[in-house]
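Single-structure report; data block below.
Residue numbers (this note's numbering): 13 to 194.
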């Protein structure tokens, strides 16, 4: 029995305890607080599908790739090129979950080097309507260079959030190189 510890926000779980029952993912570990129904969150619970990607700005694509790919074992989903030059890439973090990395000569211009949070949704129009109906600004739905629908908002703390709805042509699902002109 291993004595390794798994550190999660607010709790430490021993590997031995986890081995008593097999869990495929950390999200399957029972949380007593999650059993308490929240009527407000259940109203739109089917609106959010999953976490889509986290965008990181870096002044070294190579060092970032080394850390996430070579050290942590994430594989490349697809690359971003502009005028024939690599300036970013997606790293596969799950089936349809990614870390998006873009070159930025001054990454400190972005607080904490995290540019935005992206969340995958099933119905972009519904998300935009719900946001606007609740007094939040949301951009109109737009098909991005990666062939995914997107809309943007800002949370009350100033965190930029991109909502993503994949299409049959989405680079996140197909791979390849996304050539952009922005």
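From the three backbone atoms N, C-alpha and C, an ideal C-beta is built for every residue, glycine too.
Nearest Cα to residue 81 within the set 137, 102, 170, 114: 102. Of all alpha-carbon atoms in 167, 62, 144, 125, the one lying nearest the alpha-carbon of residue 71 is that of 125. For residue 77, the enclosing alpha helix (DSSP H) starts and ends at 73-77. Sequence-distant partners of residue 144 (beyond 5 residues in either direction) whose C-beta falls short of 7 angstroms from its own C-beta, in its chain, are 150. Around the beta-carbon of residue 130, 16 or more other beta-carbon atoms lie within 10 Å, marking it buried.
In chain order, 132 place their CB closer than 6 angstroms to the CB of residue 62, counting only its own chain and leaving out the 5 sequence neighbours on each side. Excluding its 5 nearest sequence neighbours in each direction, residue 134 has C-beta neighbours in its own chain below 6 angstroms: 61, listed in chain order.
Distance check between residue 180 and each of 173, 161, 166 places 161 closest, using alpha-carbon atoms only. Runs of the beta strand (DSSP E) spanning 3 or more residues and lying entirely within the segment 108-144 occur at 110-115, 126-133, in chain order. Relative to residue 168, the option among 184, 146, 159 whose CA is nearest is 146. Boundaries for residue 186: no beta strand (DSSP E) harbours it, while the alpha helix (DSSP H) harbouring it runs 183-186, taken from the DSSP string. About 14 angstroms separates the beta carbons of residue 136 and residue 158, which is beyond the 8 angstroms limit, so they are not a contact pair.
CA-to-CA, the gap between residue 85 and residue 113 works out to about 15 angstroms. By the Cβ-count criterion, residue 110 is buried, with 16 or more other Cβ atoms from all chains shown falling within 10 Å of its own Cβ. The beta-carbon distance between residue 172 and residue 127, rounded to whole angstroms, is 7 angstroms. This is short enough to meet the 8 angstroms contact definition.
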